[in-house]
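This report concerns only the one structure given below.
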Amino acid sequence: MDLRELNPAVKGLAVILCVLLLSFALNPVTPLLTLAATVIVTWSFGRVSWGRWLLLFAPFLLAACSYMAATVLFPRESMAPSPVLLQLGGFEVTRAAAELAASLGLRVLAFSALSLLFILTTDPTRLMLSLMQQCRMPPKLAYGILAGYQFLPLMQEEFRILRTAQRVRDGGFRRSRNPLLQLHRTAIPLLAGAIRKAERVSAAMVSKGFTDSPYRTFYKRVRVTAADWLFLALMVGIVLLSYLAAWRLGYTRLYNGEL
Amino acid sequence: MKLSGWKLRDIVVMSSLSVVFAVVYLLFLQIGVVLTGFMGPMGYEVLFGIWFIVSIIAAYILRKPGAALLSEVVAGAVEVLIGNAVGPILILSAFVQGLGAEAVFAATRYRSYSVRTLMLAGIGSAVFSFVWGYFRSGFAALSWDLVLAMFVVRLVSGALLAGLLGRWIADSLARTGVLRSFPIGKERRARHDAPA
Amino acid sequence: MTRRPDELAVEVDGLRLAFEEEEEPVLNGLTFEVKKGEAVLVMGPSGSGKSTLAFCLNGIYPHAAEALLDGRVRILGQDVREAQPGELARKAGVVFQDFDSQFCMGKVEDELAFCLENLSVPPEQMDARMDKALAQVGLQAHRRSAIRELSGGQKQKLALACILAMRPELLILDEPVSNLDPFAAESFRSLVRELHARGAFTLLVVDHQPDGWAGWMSRLLVMEPGGTLAYDGDPRGYAELRLAAADKEANGSVPARQSGAAAEIGGEEAARVERPERGALPDAVRTPAPLAAIRTSAPSPPAAAVALPLAAETAAHLAARGLLAPGRPLPLTGEELVRAIVPGCLPAALEAVRGLCAQRSRRQPAGEPVLRLEQGVLRRGRRVILDGVNAAVRRGELLAVAGPNGAGKSTLAGVLGGLLRPDGGRLLLEGRPLARWSEREVRRRIGVVFQNPEHQFVAESVEAELAYSRNRRGVPAAQTAREVDAMLEAFRLAGRRAESPYRLSQGQKRRLSVASMLMDEQSILLCDEPTFGQDRHGTEQLMALLNERVRQGLSVVLITHDMELIHRYADRVLVLVEGSVVFDGPPPSLWDETDGFLASAHLVRPGLFSLIRLLEAAMRENGQEPGGGARPDEQLREVAAWTCAN
């Protein structure tokens, strides 16, 4: 099985199903096991470089830590009494709070790993083809979005040049500290350029014979095969097995009405 | 999916707006991290409205049903592809946020694009996104006071950073003349031509 | 003369097009027909609606822009208003000017597939059609490449391949080479010529300059401001009419040179040409050289004047000296010109053309360099972008930097401007290492003008834009106001002071971006392709302004592909190839380099120098030695001075 060869729509569906299923887990074991299994699947079948994966995963690790800290330090008073694990200045860290924090943090990480599995192995053009061919997305929408998407590297480059150009304009004086003014100054030239380009590219597409017709032939067919359903079953199975394992380890709590 | 009122040009423009904001959001991700460092989760709430701005701008410029929702989803997807965000789950978040703004525009039957409507649309996104965030990111574990405070801050941020700032940017953009052939440009001309 | 409708590719009758009810129409009362298989060149100054016409002819207008269209436009027998958007495009394809906004897919193959899918071509036939189209434009090797990795010239060829894959009956090229460097432009034009000779399509090319097109295309349409047609006929006839009128103006009589061809169309057509003027003549031809150099304000574009082929202009010059064989049609290409010269008069003709090139006296590079890069090295990852570059900018000189795309020209500008830190070597500003200057001091001395003027805009109005850096430096408001007024005046922006910078014309935007970089009285100005996206008039105005400032002591570094500009304005050229300097000297010695050397640097000699080469080659064929002694002494002196200085 090669994750890159899978049907993007089914792959996306599998990831979304896993995310939804995981949303109900309020114990640390289920997300931890899913996280581990997802990483293994990504690295075994995804032909993904370790370095790139870690680089993209690192920010999520930070975000997870921040969530965990907030949960531990600002627990809800209604939480059932539980033994204190740790005294930190004025804050008391209880076992229940720590467990909850771990489960939330790990859940964020599991979500991220699932996301990376999808992003790193999916070609946007194939995704759009699949959305048109399997999900009946209108070609007008799919190709319109793809056309705008092609500007991405151009816009990133323009963004970089723009920052340099404005540095020159500021003449060595500090740029305005107001992030909203900065946003305004950055967004206007980028948007003005983008809108002109968008008008031109849509004219070019029409002049290449593109019409609103929903019927068209496809050079590349993105098909749904047995491997796709196997992958879907595998991913959902991983999450269900993680729940089972958590239950066997005594973490029975699924959802305790924490609202 | 009904796209009858949309021309290919509108879709490409909407998609390009999303791409630009996905790039510009980079800037705010850094600011967000700094603010969170100083103020905890609240720091992020202050900036939260920024993530809805593309909805407001796209809807205000194109004035078509679906503009707020679609632009937000595409921006989310592009952010995911640049690899600087929280993954496909962000596309779902973007969908929910976009839906909030879209609901407000739909309530006016896509007729009103006044300041009030735009600010309400920002608030709509804030409400939807907060409810979604509540279940997803585990606000359930935070104390009620903090959650309430975060909610209020997010509402204000949605109204100001998305609604007002979005309108300011779109109006400035219209002044550059690139929006002449879009509904916003036509409206501006009509207003300009009308006797004072 | 009546033609059967099925012989016609295009029928335009009373075409009038406006974008708003009350606004002036962009096209006003156009009537013409194009027969199947014809090759038509459409010319006209900016604002004459020539690109709008191209959009009408493949059915994008009136649908896409909600334009108001009167009159009749039939393409291949079908009315544009009755066709669905995109339907006509299947038979009439367009290649546009901006190669960065023509593609909606990421890969070459996918873009071609997109076109074929639009026509509902069965998938099993697509491979063959893609391969054929790519082979036609010479991009076979790039079928699986990412589009953004192609060069500008390759992107335009891909755009052409996309249309060819759709087997068009009408091919419209809308300023296809305006954004390309001269080397890629030449390659594109010969490709189109070859395809048209072999293909079965009708060709319509919109361009603002005729060289490379007029010599082989059968028909010329000249549009004038206001969207009307000023000329419709043989390209040679137009050149003859224009030159005859110019002669008449100069001498008060019609010279004998005017040949039969012009007289034929002279009757009816001449009435439709509105007083042609000599406005589009290259300055080197029109004005005595020193005058051209010191003129501070460039001319405004004369009505209905479009550039004539250089060979025709030169022929007029030679004819006045009796060097052209009488009774021959007016030459439109260099080859035709060589053949038209009276046998035995080649040496005299060569002399005369060399005389046309005799330039204004170039400024002598004087004194110590104000900015000097020594052994500059810059790497990006493992790639070496600049490889031991030595470059010196002297006070009061205009240094041009040329070379192929990706040779490191913009990077060099970044390093010279103190915006990129070199990985090796050192940069001296007024003799002191850059690191020992504060950022504020550097910015006060070095201005940088970026390719896209909009990237530099920070304010809501033209005057606020100019005042911006003065305000930041805390200059008193009254003084700033005076400086802004003076700058507005000098850069001819006074009339638009309250306007949003974005609403200016391309030329005004460019002038504003330069002016804002001179507000702090910078002594060095780095310009990265400042003529990109500018029409000829805008370029002339900008260069005249820069030239004036250089005379007053400003040092300008100009990155450009435009060899005519380099020849006319640069004191020195630096040629970069793959991060190394392969040439550093005055322009005339660059044109003396071998063809192979110039090709390796993707350079093309200025038009007159190519003519000189052709004449020299013709002389050698006749067993004569062209000899270098005929070269204007001044240039020799210059080369000598340069060699000594180094």
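For the protein sequence lines, the chains are E, P and A, in the order given. Going by the numbering used here, the first sequence opens with residue 1054, and the numbers climb by one from there. Going by the numbering used here, the second sequence opens with residue 139, and the numbers climb by one from there. Going by the numbering used here, the third sequence opens with residue 90, and the numbers climb by one from there. Where a beta carbon is used, it is the ideal one built from N, C-alpha and C, also for glycine. Every value quoted in this text rests on a predicted model; they were computed, and no experiment measured them.
Presumed contact (8 angstroms Cβ cut-off) between L467 (chain A) and P511 (chain A), rounded CB distance: Between P511 (chain A) and L467 (chain A) the Cβ distance is about 5 angstroms, and since that is below 8 angstroms, they are a contact.
C-beta neighbour in chain P for Y1308 (chain E), strict 7 angstroms: Low local confidence applies: a pLDDT of 48 at Y1308 (chain E) is under 50, so the model's placement there is unreliable, with the coordinate-based value given in what follows. Chain P, which has no Cβ nearer than 7 angstroms to the Cβ of Y1308 (chain E), makes this no.
Exposure of P390 (chain A), with buried meaning 16 or more beta-carbon neighbours within 10 Å: Because P390 (chain A) sits at a pLDDT of 38, beneath the cut-off of 50, its placement in the model cannot be relied upon, and the following sentence gives the value as read from the coordinates. When all chains shown are included, P390 (chain A) counts as buried.
Alpha helix (DSSP H) segment containing C616 (chain A), residue limits: From DSSP, C616 (chain A) is part of no alpha helix (DSSP H) but of the beta strand (DSSP E) over I613 to D617.
Where Q1209 (chain E) meets chain P, residues with beta-carbon distance less than 7 angstroms: V161, listed in chain order.
C-beta atoms of A254 (chain A) and L201 (chain A) nearer than 7 angstroms: It is a contact, given that the beta carbons lie within the stated cut-off.
Cβ separation of F203 (chain A) and D263 (chain A), assumed to be a contact under 8 angstroms, to the nearest whole Å: Rounded to whole angstroms, the Cβ separation of F203 (chain A) and D263 (chain A) is 20 angstroms, and the two are not in contact under 8 angstroms.
Member of A:C434, A:L663 and A:M606 whose CA lies at the smallest distance from the CA of A480 (chain A): By alpha-carbon distance to A480 (chain A), the top candidate from A:C434, A:L663 and A:M606 is A:L663.
Below-7 angstroms beta-carbon distance, G131 (chain P) vs any chain A residue: This structure cannot settle anything about residue 131 (chain P), because the visible part of chain P is limited to 139 through 334.
Interfacial residues, the region 292–305 of chain P to chain E, with Cβ spacing under 8 angstroms: Those would be L299 and L303, in chain order.
Three-state class that DSSP yields for Y320 (chain A) in the structure shown: Of the three classes helix, strand and coil, the one that applies to Y320 (chain A) here is strand, per DSSP.
Option nearest R325 (chain A) by Cα separation, candidates A:I252, A:L426 and A:L435: Of the residues A:I252, A:L426 and A:L435, the one whose Cα lies closest to the Cα of R325 (chain A) is A:L426.
Any C-beta of chain C under 7 angstroms from that of S644 (chain A): Considering every chain present, this structure includes no chain C. Its protein chains are E, P and A.
Distance CB(N1060 (chain E))-CB(V1275 (chain E)) smaller than 7 angstroms: In contact: N1060 (chain E) and V1275 (chain E) (Cβ atoms closer than 7 angstroms).
Collapsed DSSP secondary structure at R329 (chain P) in the structure displayed: Looking at R329 (chain P) - three-state DSSP - the assignment turns out to be helix.
Amino acids of chain A, ordered along the chain, whose beta-carbon sits closer than 8 angstroms to that of L1215 (chain E): Residues of chain A passing the Cβ test: H544.
Listed by chain order, chain A residues near R313 (chain P) by CB distance under 9 angstroms: Chain A residues near R313 (chain P): E549, S589, Y591 and R592.
Partner residues on chain E for R147 (chain P), Cβ-Cβ distance less than 8 angstroms: Correct list: A1251, E1252, S1255 and A1256.
Alpha carbon of L228 (chain P) to alpha carbon of V218 (chain P), nearest angstrom: When rounded, the distance between both Cα atoms is 7 angstroms.
Collapsed DSSP secondary structure at E313 (chain A) in the structure displayed: Here DSSP, grouped into helix, strand and coil, assigns E313 (chain A) to strand.
Inter-residue CB distance, V115 (chain A) and L106 (chain A) (contact presumed, cutoff 8 angstroms): Their Cβ separation, rounded to whole angstroms, is 5 angstroms, which keeps V115 (chain A) and L106 (chain A) in contact under 8 angstroms.
Distance, G166 (chain A) Cα to W144 (chain P) Cα: If you draw a straight line from the Cα of W144 (chain P) to the Cα of G166 (chain A), it comes to about 29 angstroms.
Other residues of its chain near V184 (chain P): CB distance less than 8 angstroms, five sequence neighbours each side excluded: Shown here for V184 (chain P): same chain residues with a beta carbon closer than 8 angstroms to its own, the five before and five after excluded, namely L173, M177, V291 and S295 in chain order.
Contacts that L141 (chain P) makes with chain E (C-beta to C-beta distance below 8 angstroms): Result: P1191, K1193 and L1194.
Cβ of S1156 (chain E) within 7 angstroms of any chain A Cβ: It does not; no Cβ of chain A falls within 7 angstroms.
Neighbourhood of P344 (chain A) by C-beta distance below 6 angstroms, restricted to the same chain and skipping five residues each side: Residue placement at P344 (chain A) cannot be trusted, given a pLDDT of 44 that sits under 50; what the coordinates show is reported in the next sentence. Excluding five sequence positions before and after P344 (chain A), the CB atoms of its chain that fall closer than 6 angstroms to its own CB belong to D336, given in chain order.
Cβ separation of S307 (chain A) and E127 (chain A), assumed to be a contact under 8 angstroms, to the nearest whole Å: Right, their Cβ atoms sit about 6 angstroms apart.
Cβ distance (whole Å) where S267 (chain P) is taken to contact V212 (chain P) below 8 angstroms: The beta carbons of S267 (chain P) and V212 (chain P) sit about 17 angstroms from each other, so the pair does not count as a contact at 8 angstroms.
Length of the line joining the Cα atoms of E463 (chain A) and I701 (chain A): Rounded to whole angstroms, E463 (chain A) and I701 (chain A) show a C-alpha spacing of 37 angstroms.
Inter-stretch contact (C-beta, 8 angstroms, three-pair minimum) for the region 230–249 of chain P and the region 1177–1191 of chain E: They do not touch, by the three-pair rule.
Backbone secondary structure at V131 (chain A) - three-state DSSP: V131 (chain A) falls in the strand class under three-state DSSP.
Selected residue, minimal CA-CA separation from L654 (chain A), among A:L697, A:P432, A:V666 and A:L293: The candidate whose alpha carbon is nearest that of L654 (chain A) is A:L697.
Contacts that L1108 (chain E) makes with chain A (C-beta to C-beta distance below 9 angstroms): Near L1108 (chain E) there are no residues of chain A at all, since even the closest Cβ is about 15 angstroms away, more than 9 angstroms.
Neighbour list for I169 (chain P) in chain E, Cβ cutoff strictly below 8 angstroms: Against chain E, a Cβ distance below 8 angstroms from I169 (chain P) picks out P1232.
Per DSSP, cross-strand counterpart(s) of T291 (chain A): Note: T291 (chain A) is bridge-paired with A:L259 in the DSSP secondary-structure output.
Which of helix, strand or coil DSSP assigns to G148 (chain A): Three-state DSSP puts G148 (chain A) in coil, outside helix and strand.
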